[in-house]
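*Asks:* One structure is given below, represented as structure tokens, and several questions about it will come after.
Numbering (our numbering), first residue to last: 65 to 232.
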């Protein structure tokens with residue numbers, strides 16, 4: 065068993081369209097590697113800071129994420145044997161040790177991306193933007209629009225014309 069603590073650069077596309085971990089950000093990675101009959105069992109934790117925009121008001125959002133993972137990386141000869149005898153499960157992706165190395169990038173992506181919020185918000189009580197004009201509701205909490213039924217707009221125009229005549 066080998067335990068390691070390293071800092072690695074974040075790979076590209078580690079996130080969604082709304083929030084992601086910037087490429088190259090330093091990710092603290094703690095791993096425990098155990099040799100088992102089938103291959104190498106990798107258990108660990110990765111921490112990252114994801115940045116994006118609040119889906120309600122579009123203000124910047126920064127969220128700390130800590131994800132745990134555990135995955136078996138099969139020895140190449142064992143993986144080939146399992147494919148020959150039909151033991152491969154189509155629903156699960158099998159990771160393989162290649163030339164004594166394991167590639168953690170797909171595992172990190174599969175671990176970090178699902179831990180990110182689907183709809184990040186700056187605060188749970190964020191009021192967002194006005195749906196009609198885009199004004200930030202936090203800046204003007206009393207902001208409202210008078211909605212006039214378009215069928216009555218001609219009558220409203222007549223009422224506006226009549227008001228100046230009453231002032232005379």
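The beta carbon of each residue, even a glycine, is placed where N, CA and C say it ideally should be.
Less than 6 Å between C-beta atoms, sequence neighbours within five positions excluded: which residues of the same chain meet that for residue 73?
*Replies:* The residues are 88.
*Asks:* Take residue 194 as the anchor and find which of 177, 110 and 202 has the nearest alpha-carbon.
*Replies:* When only C-alpha atoms are compared, the closest one is 202.
*Asks:* Which whole-angstrom value is the C-beta distance of residue 133 and residue 166, which I expect to be below 8 Å?
*Replies:* At roughly 12 Å, the Cβ-Cβ gap does not stay under 8 Å, so residue 133 and residue 166 are not in contact.
*Asks:* Specify whether the region 70–85 and the region 96–107 touch according to this definition: at least 3 beta carbon pairs, one from each stretch, less than 8 Å apart.
*Replies:* Verdict: no, contact absent.
*Asks:* Give the DSSP bridge partners of residue 137, in chain order.
*Replies:* According to DSSP, which records beta bridges pairwise, residue 137 is partnered with 104 and 159.
*Asks:* According to DSSP, is residue 145 helix, strand or coil?
*Replies:* Confidence at residue 145 is low in this model, with a pLDDT of 49, below 50, so its placement is unreliable and the value that follows should be read with caution. If DSSP states are grouped into helix, strand and coil, residue 145 belongs with the helices.
*Asks:* Quick one: what's residue 177 bridged to in DSSP?
*Replies:* For residue 177, which the question treats as bridged, DSSP gives no partner whatsoever.
*Asks:* Would you check if the distance between the CB atom of residue 176 and the CB atom of residue 105 is smaller than 8 Å?
*Replies:* Cβ distance not < 8 Å, so residue 176 and residue 105 don't count as in contact.
*Asks:* Which residue or residues does DSSP assign as beta-bridge partners of residue 14?
*Replies:* Summary: the structure shown does not reach residue 14, with the chain confined to residues 65 through 232, and so no result is reported for it.
*Asks:* Rounding to the nearest angstrom, what Cα-Cα distance links residue 205 and residue 191 in this structure?
*Replies:* When rounded, the distance between both Cα atoms is 8 Å.
*Asks:* Report yes if the CB atom of residue 113 is closer than 8 Å to the CB atom of residue 130, and no otherwise.
*Replies:* No, these two residues do not count as a Cβ contact at 8 Å.
*Asks:* So residue 66 is in the beta strand (DSSP E); what residue range does that whole segment cover?
*Replies:* Taken as a continuous stretch (DSSP letters only), the beta strand (DSSP E) holding residue 66 covers 66–73.
*Asks:* Residues in the same chain with beta-carbon distance under 8 Å from residue 120, minus the five sequence neighbours each way, listed in chain order, please.
*Replies:* These residues qualify, in order along the chain: 185, 186, 190, 191, 192 and 193.
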